[in-house]
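Below is one structure, written out as structure tokens, with a few remarks after it.
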Ligand SMILES: Nc1ncnc2c1ncn2[C@@H]1O[C@H](COP(=O)(O)OP(=O)(O)OP(=O)(O)O)[C@@H](O)[C@H]1O
Ligand SMILES: Nc1ncnc2c1ncn2[C@@H]1O[C@H](COP(=O)(O)OP(=O)(O)OP(=O)(O)O)[C@@H](O)[C@H]1O
Ligand SMILES: O=C([O-])O
Ligand SMILES: [Mg+2]
Ligand SMILES: [Mg+2]
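Rendered as structure tokens:
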């Protein structure tokens, strides 16, 4: 069985003797609603992500996934609990260590595609030519060389999201947080981006936490999948993806893969 | 072989002796770009959709799918060509016969969820109580009864898109145009929405043209899939989905289904 | 479609990360302690008052030109007690209200029309753009001839002074409505009239409230010009009158009184705006 | 999670559909023929001129108050030829420019600070909100004492008259920046200073240009008050002078001249704004 | 109604009110008191009071036909009549008697003014005053560096030592002379350089002479009360101008008021060196000289003394 309780999981990891890259401790979030009532969006979330792990988070719409990612990024203050990077609390403190790709389009309309991708680079001491090179590389990665000098308003929805992904990647965060980054992509681009992301991840030190509603994508990309339950959002279960680290696209047809997929879908339907 | 040229397809349809609900004739669209050059986004698009058909349109990101849908809806004027509904030209003339669900979120922030869903109803001579009933029904359909009186800013991304879908459906268009409507939904809600859409479609007279990047979704839902090629956007091929009209979710695992899927993916990779 | 992808060699793990250091005072759109806010508000009002007290007490400026706050206050109390300043306040408030309401009733619809329809833009913009620059004082003789010397002429001056700003600012606000919001309405059978009423009007509503808040101070500026016209009372009247006899204390009291009324209106309108648009992003607190 | 779904019985196929009837004149954000636009612009300027000609020619109003356009024009030509009106135009333009540039240099940064930081809002808003309502004429004696009678005092009056509007309108514009734009910057290592310069400044740039366009007309309104102060030339000076001599033709010529200058500024700034923000949604044409 | 019926004053008082305009100047106390004490009503007149803050709005109102009777300086009156010759000066209200003047710093004789910075408003009565002063030293305005500004601003400019000479009036005169470290170097005391008058429509003089007689009868009563420092009259005047009764009394020291009798004996008596005619001749000449009027004016066409003479 691949599904375990958090208790078990933690003990397994302790044996690994590795310190988590990102850990979330007793995190809760509630929003005030009309009257004096509160909407509990997240309740006592605990999770740990280890260096170089690729983790996916799945859960029904509106169960608090984006809220959780925003809190991890330090953009939304939690009602209680803490977010730690390398053991250091970064609760409510955003930084370049946690890069983020947002659910909506968040390109700067006054910058061209190339300038958008270079946005984060200006905060590092990086020469103009190094910036240009990096931007060129990532333009190539997302297949938008021809649109380097276009403004966002001239792009399609999917193209915008590709630029947003390139922008986050170019900034080399320690943890990459992604909120349904491929939601707006066509099947083909999506698969290419998935492959690219896997390749990038396997060659670099980046740790990834990604929200997706595509279970297949979650399994294909990650080592572990967290399933969030709804109202209030809690970590319902955790699935270990026991697949070889190096994966090809056709692994999606493998029986192990399908078995894990069935299991995740079952868990999601349980509640 | 399910793939045919447009020529063949037309002749088959002519045998059906049925007039198309929606037809697009020699449609082209180009945008002016810097200098005197033009970006040809769509070139000589011809397609016909027959009453009660469910058609999906797939294609790479940025190949002009949204542009095509906007032209069909009458919102963007084509550079040349015509859009006909029941043989009548509606080029550049939007109307309630072609309902549309946009790619981005387009809820009215000043209206509650219930009021957003009721938006189109006020333009029909419909009593308040009939409106309330209809809104209640569609709130139920998209699972947002509890949020009837919430404002859009209080909803998650997926929830917003569900409201947008409910709003378009409640308005009972003759042709429903959808631009990646389930792109932001979680797997489970997405499947439920797919099932619901199929059920709704089979029981009503609505004709559907839907853009999706999920090939599985396209096949599951539609009778025909159009594949758009890129730069400029043309109808590259058309795939007839030879599956029973009444479909269950598990059809996605059937060998016929997988065969069609493989075929579509192949066609998309061809270019 | 995508180019073949090759991944760069692993980056050196030396990448220096930058964090946003928490700050209460310099926070942007994050919570701000209500107490600190009140403190700063108090400071902001106390500082100029203190400065005034010092400059006037040390007589760095002759008292004829800058009396002490105390002198101003006592002059004000005398005016209330003996010169029925209350009536002046009411009279000016009435004129400002009437002139401003008229400027809103005319300015908001015309502004919406200009912002919405290109034809109305072509038709009205040149004249609005031209007249806006013309000093109102130049029209006073024509106003006297056509409207006379009663209340209507005073109200008209205030209206004329404000209405063009209302128009141009409301028209600008319409530009910020995303096209999709309008398009959605068309696909649900709305005609242009519906779009105007059901989309453009509610979408610009917060901006219109903002515009009115900005421009009501203009109405108060024009009340002084308006009350040059055969007025028997009003705060502007009192200011000009006191200026004539070098009663700087009275002038300053009336000015401070207008400022106080303004501050009340400002905070009142901000509150009303928050109340009327619960759906808008509440950026603060 | 979703409720069990039951589909309603098929609707009667009688659903009446509504279409958007095409319209050129009433089009919203669709193309508008350039020719029709010029026609409407011409109409908009010709209509008031015709009305003026009729009313003045028929002497419905005594010529002392409303001379004919021809009389005004000839008075204007005389002023140019004999009273060196050209110098007045230059003098006033210089004052307006100086005063307005100063008001922009102060107003835009302060407005951005107020819109961005809640602390600055608490600190500045009360005083800006109060002073904005105060009639500038009340401060004239203090300005004479402190700044004197030269050009600086005139420029100061113009600046004071406009700067508070700049501040409040720029501060309002900052509110419209979506939170996500700011948040993205944080996650890429930007600090608040970076956010201010790399996000808030460029994001508000079009609104700032709009604000300056709206408020430059205010600067022209205040030039009349400014030139009450020991001016020897200027269009405002000429207006006041002509008013004292009851030379309505000269007054009207100066006013129309200011309006024309204004119209030029307006269209010029719109053009500049389109040029400087190619990335913004071009809503028309 | 006390008057006998007269052909020339056909309209009854009740049917056609007289619209009478004034602004805030202590010399016009007679107007304020007549209105407030109901003296006009006692004379059977229906007088509608228009109160302005400055002469320019009042002049506009008169020219626009919104006022029948207007209290103005003689300079303003001349300019107004030049625009509308159907207006006539019918009554002398006051001479400035020290209330207007020139303050100067380090200026002992008029000759010392040469080349100095001077502030004055570009209105006739101030120019006449300055002209009279400079003439003593053989100078004209052209010998000074003139800054054109309103009287209050001119005083402030002198008070803050930005000009060496300023033409202004009370209370600015005394206060700013001290502030600016100078003194009053010239004043209207014992001159007829600055006069205030009542302007009436010609048609009114012809058709409603009886009403006008009643009007000036009321004014006469009020002026006498003011001259006698009647506390109630001083209070009324103070309320109108926003000052105390005591301040009114102080200001009155700077003007010489005229009742009907003085109008008969001094104002319209050409032979009197202090007559209004003398003032009008001086002012008219200045108006032409300074191009305040475009066409030459005949002094005789400016006034109509028939009403006061008939009383
Ligand atoms: N206003 C515009 N000016 C110039 N080019 C434009 C404009 N709008 C769209 N385009 C171009 O048209 C092409 C098609 O855009 P469209 O939005 O239709 O793509 P799409 O197929 O819907 O893509 P996606 O799946 O990513 O949403 C893109 O290449 C885009 O760059
Ligand atoms: N500002 C707010 N005020 C009140 N409730 C809010 C607010 N923002 C979010 N919520 C609520 O929090 C819940 C979680 O929202 P969130 O955006 O995190 O969901 P999600 O899991 O990302 O959904 P999706 O998959 O649809 O994007 C939703 O029920 C939403 O209604
Ligand atoms: O009004 C006068 O100053 O005389
Ligand atoms: Mg989300
Ligand atoms: Mg699209």
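Residue numbers (the numbering used here), protein chains in the order written: chain R, 1396 to 1666; chain X, 1396 to 1666; chain W, 5 to 289; chain A, 5 to 289; chain U, 49 to 359. We put the beta carbon where it would ideally sit given N, CA and C, even for glycine. None of the values given here were measured: they were computed from a predicted structure.
Once you ignore the five residues that flank residue 98 of chain U on each side, which residues in its own chain have a CB closer than 8 angstroms to its CB?
The count along the fifth chain starts at 1 and reaches residue 98 of chain U at position 50. Annotation for residue 98 of chain U: 67, 68, 69, 70, 106, 109, 114 and 115 place their beta carbon closer than 8 angstroms to its own, counting only its chain and skipping 5 residues before and after.
Listing by chain order, which chain U residues have their CB less than 9 angstroms from the CB of residue 227 of chain A?
For the purposes of this step, residue 227 of chain A is identified with residue 223 of the fourth chain, where counting begins at 1. None at all; the shortest Cβ gap to chain U is about 15 angstroms.
Who are residue 1454 of chain X's beta bridge partners in DSSP?
Indexing the second chain from 1 puts residue 1454 of chain X at position 59. Residue 1454 of chain X is bridged to X:1623.
Would you mind stating whether residue 69 of chain W and residue 145 of chain A have Cβ atoms separated by less than 7 angstroms?
Counting from 1 along the third chain, the entry for residue 69 of chain W is found at position 65. Counting from 1 along the fourth chain, the entry for residue 145 of chain A is found at position 141. A Cβ-Cβ contact shorter than 7 angstroms links residue 69 of chain W with residue 145 of chain A.
Tell me which residues share the same chain as residue 1409 of chain R and place their Cβ nearer than 8 angstroms to its Cβ, disregarding the 5 neighbours each side in the sequence.
Residue 1409 of chain R sits at position 14 when you count from the first residue of the first chain. Because residue 1409 of chain R carries a pLDDT of 44, less than 50, the predicted location of this residue cannot be relied on, and the following value inherits that uncertainty. Taken in chain order, the list of residues that qualify is empty.
beta-carbon residue 1368 of chain R near ligand 4 non-hydrogen atom, thresh 6 angstroms
Residue 1368 of chain R is absent from the model: chain R starts at 1396 and stops at 1666.
In whole angstroms, give me the CA-to-CA distance for residue 250 of chain W and residue 261 of chain U.
Here residue 250 of chain W corresponds to residue number 246 of the third chain, with the count starting at 1. Here residue 261 of chain U corresponds to residue number 213 of the fifth chain, with the count starting at 1. For residue 250 of chain W and residue 261 of chain U, the distance between alpha carbons rounds to 37 angstroms.
Short of 7 angstroms in beta carbon distance, which residues of its chain neighbour residue 1663 of chain X, apart from the five on each side in sequence? Order them along the chain.
Residue mapping note: residue 1663 of chain X aligns to position 268 of the second chain, counting from 1. Closer than 7 angstroms at the Cβ level, and outside the excluded window around residue 1663 of chain X, lie 1453 and 1622.
Using a cut-off of 9 angstroms between C-beta atoms, extract the partners of residue 218 of chain W located in chain A.
Here residue 218 of chain W corresponds to residue number 214 of the third chain, with the count starting at 1. Against chain A, a Cβ distance below 9 angstroms from residue 218 of chain W picks out 136, 169, 172, 173 and 176.
One question on the structure: do residue 1496 of chain R and residue 1542 of chain R come within less than 7 angstroms of each other, judged by their Cβ atoms?
Within the first chain, numbered from 1, the residue matching residue 1496 of chain R stands at position 101. Within the first chain, numbered from 1, the residue matching residue 1542 of chain R stands at position 147. In this structure, residue 1542 of chain R does not lie closer than 7 angstroms to residue 1496 of chain R by Cβ.
Provide the residue span of the alpha helix (DSSP H) that contains residue 93 of chain U, from first to last.
The residue given as residue 93 of chain U occupies position 45 in the fifth chain. It is not in any alpha helix (DSSP H) - residue 93 of chain U carries neither H nor E in the DSSP assignment.
Out of R:1648, R:1418, R:1653 and R:1591, state which residue places its alpha-carbon closest to the alpha-carbon of residue 1480 of chain R.
Mapped onto the first chain, residue 1480 of chain R falls at position 85. Relative to residue 1480 of chain R, the option among R:1648, R:1418, R:1653 and R:1591 whose CA is nearest is R:1418.
Answer yes or no: do residue 1463 of chain R and residue 1434 of chain R have a C-beta to C-beta separation smaller than 7 angstroms?
On the first chain, residue 1463 of chain R is found 68 positions in, with the first residue counted as 1. On the first chain, residue 1434 of chain R is found 39 positions in, with the first residue counted as 1. Contact annotation: residue 1463 of chain R and residue 1434 of chain R have beta-carbon atoms that are not nearer than 7 angstroms.
I want to see whether chain W comes within less than 7 angstroms of residue 83 of chain U, judged by CB atoms only; does it?
Within the fifth chain, numbered from 1, the residue matching residue 83 of chain U stands at position 35. Not an interface residue.
Got a sec: is the Cβ-Cβ distance from residue 60 of chain U to anything in chain W below 7 angstroms?
Locating residue 60 of chain U in the fifth chain gives position 12, where the first residue counts as 1. Confidence is the limiting factor: at residue 60 of chain U the pLDDT is only 49, short of 50, which leaves the residue's position unreliable and the question unanswerable from this model.
Under 7 angstroms, Cβ to Cβ, is there at least one residue of chain A near residue 161 of chain U?
Mapped onto the fifth chain, residue 161 of chain U falls at position 113. By this cut-off, residue 161 of chain U is not an interface position.
So the candidates are U:143, U:174, U:144 and U:188; which of them puts its Cα closest to the Cα of residue 164 of chain U?
What you label residue 164 of chain U is simply residue 116 of the fifth chain in a count that begins at 1. Ranked by Cα distance from residue 164 of chain U, the first of U:143, U:174, U:144 and U:188 is U:188.
With 16 other Cβ atoms within 10 Å as the buried cut-off, status of residue 47 of chain W:
The residue given as residue 47 of chain W occupies position 43 in the third chain. With fewer than 16 other beta carbons inside 10 angstroms of its own, residue 47 of chain W counts as exposed.
Does the beta-carbon distance from residue 1634 of chain X to residue 1653 of chain X come in below 7 angstroms?
Stepping through the second chain from its first residue, residue 1634 of chain X is reached at position 239. Stepping through the second chain from its first residue, residue 1653 of chain X is reached at position 258. No; because the gap between Cβ atoms is not below 7 angstroms, this pair is not in contact.
Run the proximity test for residue 1552 of chain X: is its beta-carbon closer than 6 angstroms to any non-hydrogen atom belonging to ligand 4?
Within the second chain, residue 1552 of chain X is the residue found at index 157, counting from 1. With a cutoff of 6 angstroms, residue 1552 of chain X counts as near ligand 4, since its C-beta is closer than that to a heavy atom of the ligand.
Say whether the stretch 1582 to 1597 of chain R touches the stretch 1624 to 1639 of chain R, bearing in mind that this needs 3 or more beta-carbon pairs closer than 8 angstroms, one atom from each stretch.
No, because fewer than three Cβ pairs between the stretch 1582 to 1597 of chain R and the stretch 1624 to 1639 of chain R fall closer than 8 angstroms, the two stretches do not touch.
Given 6 angstroms as the limit, tell me if residue 1460 of chain R has its C-beta closer than that to any heavy atom belonging to ligand 4.
Translated into the one-based positions of the first chain, residue 1460 of chain R becomes position 65. For ligand 4, at least one heavy atom lies less than 6 angstroms from the Cβ of residue 1460 of chain R.
Does residue 1414 of chain X pass the burial test, meaning 16 or more other C-beta atoms within 10 Å, or should it be called exposed?
For this step, residue 1414 of chain X is matched to residue 19 along the second chain. Within 10 angstroms of the beta-carbon of residue 1414 of chain X lie fewer than 16 other beta-carbons, which makes it exposed.
List the residues of chain C whose Cβ lies closer than 9 angstroms to the Cβ of residue 31 of chain W, in chain order.
In the displayed structure, chain C is absent; the protein chains listed are R, X, W, A and U.
Using 6 angstroms as the cut-off, classify the Cβ of residue 1478 of chain X as near or not near the heavy atoms of ligand 1, replying yes or no.
Residue mapping note: residue 1478 of chain X aligns to position 83 of the second chain, counting from 1. The nearest non-hydrogen atom of ligand 1 is 6 angstroms or more from the C-beta of residue 1478 of chain X.
Cross-strand partners of residue 217 of chain A (DSSP beta bridge)
The sequence position of residue 217 of chain A within the fourth chain is 213, counting from 1. In the DSSP assignment, residue 217 of chain A forms no beta bridge with any residue.
In chain order, what are the residue ranges of uninterrupted beta strand (DSSP E) at least 3 long that sit wholly in the stretch 1554 to 1596 of chain X?
Counting only runs of 3 or more, we get 1570 to 1574.
Residue closest to residue 1607 of chain X, alpha-carbon to alpha-carbon, out of X:1504, X:1630, X:1589 and X:1575
What you label residue 1607 of chain X is simply residue 212 of the second chain in a count that begins at 1. Nearest to residue 1607 of chain X by C-alpha distance, out of X:1504, X:1630, X:1589 and X:1575, is X:1575.
What does residue 1518 of chain R reach in chain W if we use C-beta pairs closer than 8 angstroms?
Locating residue 1518 of chain R in the first chain gives position 123, where the first residue counts as 1. Residues of chain W passing the Cβ test: 22.
When you compare each of X:1571, X:1474, X:1665 and X:1639 to residue 1750 of chain X by their alpha carbons, which one comes out closest?
The question about residue 1750 of chain X has no answer here: the residues shown for chain X are numbered 1396 through 1666.
Nearest-angstrom Cα distance between residue 243 of chain U and residue 232 of chain U?
Reading the fifth chain from its first residue, position 195 is the one you call residue 243 of chain U. Reading the fifth chain from its first residue, position 184 is the one you call residue 232 of chain U. Going by C-alpha positions, residue 243 of chain U is about 20 angstroms away from residue 232 of chain U.
Rounded to whole angstroms, what's the CA-CA distance from residue 43 of chain W to residue 75 of chain W? Just pull it up for me.
The residue labelled residue 43 of chain W in the question sits at position 39 within the third chain. The residue labelled residue 75 of chain W in the question sits at position 71 within the third chain. Counting only the Cα atoms, residue 75 of chain W lies some 27 angstroms from residue 43 of chain W.
Between the Cα of residue 199 of chain W and the Cα atoms of W:108, W:64, W:172 and W:183, which residue gives the shortest distance?
As a working mapping, residue 199 of chain W is identified with position 195 in the third chain. The residue among W:108, W:64, W:172 and W:183 with its C-alpha nearest the C-alpha of residue 199 of chain W is W:183.
For residue 248 of chain A, which residues in chain X fall below 7 angstroms Cβ to Cβ?
Reading the fourth chain from its first residue, position 244 is the one you call residue 248 of chain A. None at all; the shortest Cβ gap to chain X is about 53 angstroms.
Whose CA, out of A:162, A:134, A:148 and A:143, lies closest to the CA of residue 263 of chain W?
Locating residue 263 of chain W in the third chain gives position 259, counting from the first residue. Nearest in C-alpha terms to residue 263 of chain W, of all of A:162, A:134, A:148 and A:143, is A:134.
Using a Cβ-Cβ cut-off of 6 angstroms (strictly less than) and excluding sequence neighbours within five positions of residue 83 of chain U, which residues of its own chain qualify?
Here residue 83 of chain U corresponds to residue number 35 of the fifth chain, with the count starting at 1. Taking C-beta separations shorter than 6 angstroms and ignoring five residues to either side along the sequence, the partners of residue 83 of chain U in its chain run 97, following chain order.
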